[in-house]
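Asker: This structure is in structure tokens; I'll ask about it shortly.
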Amino acid sequence: MKQVEKFIFFCHLMVVSILFKTTEAFSVRASLSLFYFDTTSNKSVSDHCVCGLYGLNSPLLSAQGLVGIPVSDNLEACDANTRFTVTKPPWIALIERGNCSFTEKIQVATRRGAAAAVIYNKLGKGNSTVLMSHPGAESIVAIMIGNMKGMEILHRIESGMKVTMVIEVGKKHGPWMNQYSIFFTSVSFFIVTAATMGYFIFYSARRLRIARAQSRNQRQLKAKAKKAIEQLQLRTLKQGDKETGPDGDSCVVCIELYKPNEVVRILTCNHLFHKNCIDPWLLEHRTCPMCKCDILKVLGVEVSQ
Ligand SMILES: [Zn+2]
Ligand SMILES: [Zn+2]
């Protein structure tokens, strides 16, 4: 039982993680084109890659312009008064990740009139990117690129080259892939839900069946016991009997003294009680209230398993 529950829990976890993966697949890639005049080889170079990732709150639009970097010791543009190397629109701000939120960086670029903010990942992150969340900075295009690509552009600008960038909405992950993910997720969700429901229905039905069998057994046992008790000897007390005399006993069930004309039942252990007292007692307790002898066992009424 416990293992089945664990398994179902595990299945749910898997479905949730698949859902998570699917939403990740919905993130939009940005294609980057770079144009510059390479002063070392004296050649015009155009470089193209699909290496950016649009921020969650970014408009999914194209943007282009000369790339500008912060004019300060650090390149993170966290200071609200940060100025950039380019001011003539259209231009694109290149900012390093870290020290403050994406929203703050993008807002600085927006205030300075940039058409887009390109944030590159921290040192040591290679060319990996993360999906940026930047609520409150939604008016300009914001994308993230890897650290290596960011450093490459940065070094070109620092060495005096004028780099122009064109950002375009890249191809989304193959549409078949998304459809496949959605289909797969729906199917697995359905299967897990159905399995869970099936298991609980099966489990409840089993419990109900056991409870019913138990109450049926109990009824049968009670009927059998009643029949057996009827077989025990009865006696009607009379005036002058030892039980009704001055040294007479009292019935231990009701603690009343025996009186003439009362009907008593004599158990197999020879103890006697009022019939009306002992019959229900035996049905409930099985044993003689005085010597604890299991009367029903003696009569052959055993508790069945
Ligand atoms: Zn009694
Ligand atoms: Zn007894």
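Under numbering that gives the first Met the number 0, the first residue of the sequence shown carries the number 0, and numbering increases by one thereafter. All C-beta atoms, glycine included, are put in the ideal place defined by N, C-alpha and C.
Going by other Cβ atoms of all chains shown within 10 Å of its Cβ, with 16 needed for buried, is Phe-189 buried or exposed?
Answerer: Its Cβ having fewer than 16 others within 10 Å, Phe-189 is exposed.
Asker: Would Asp-278 and Ile-209 qualify as a contact pair, given that the criterion is a beta-carbon distance under 8 Å?
Answerer: Result no, Cβ atoms of Asp-278 and Ile-209 do not sit closer than 8 Å.
Asker: Given Ile-265, which residues of its chain have a CB within under 8 Å of its CB, disregarding the five upstream and five downstream residues?
Answerer: Cβ neighbours of Ile-265 beyond the five flanking positions: Leu-231, Gln-232, Leu-233, Arg-234 and Leu-271.
Asker: To the nearest angstrom, how far is it from the Cα of Cys-287 to the Cα of Thr-267?
Answerer: If you take the alpha carbons of Cys-287 and Thr-267, they lie about 9 Å apart.
Asker: Among Ser-187, Ile-200, Ser-32 and Glu-261, which residue has its Cα nearest to the Cα of Met-13?
Answerer: Nearest C-alpha to Met-13: Ser-187.
Asker: Please determine whether the Cβ atom of Phe-272 lies at a distance below 7 Å from any heavy atom of ligand 1.
Answerer: Within the cutoff, so yes.
Asker: So, using beta-carbon positions, are Ala-114 and Trp-90 closer together than 8 Å?
Answerer: Against a cut-off of 8 Å, the Cβ pair of Trp-90 and Ala-114 comes out as a contact.
Asker: Would you say the beta carbon of Cys-276 comes nearer than 7 Å to a heavy atom of ligand 2?
Answerer: False, no ligand heavy atom lies under 7 Å from that Cβ.
Asker: Let's see if you can read the secondary structure: which residues bound the beta strand (DSSP E) around Asp-278?
Answerer: Run containing Asp-278: none in the beta strand (DSSP E); it sits in the alpha helix (DSSP H), 274-284.
Asker: Are Ile-7 and Tyr-179 closer than 8 Å when you measure CB to CB?
Answerer: Contact: no.
Asker: Ligand 1 heavy atoms versus the CB of Glu-242: any closer than 7 Å?
Answerer: No, since every heavy atom of ligand 1 falls outside the 7 Å radius drawn around the Cβ of Glu-242.
Asker: What residue from Tyr-202, Leu-282 and Leu-93 has the CA that sits closest to Leu-31's CA?
Answerer: The shortest C-alpha separation from Leu-31 is found at Leu-93.
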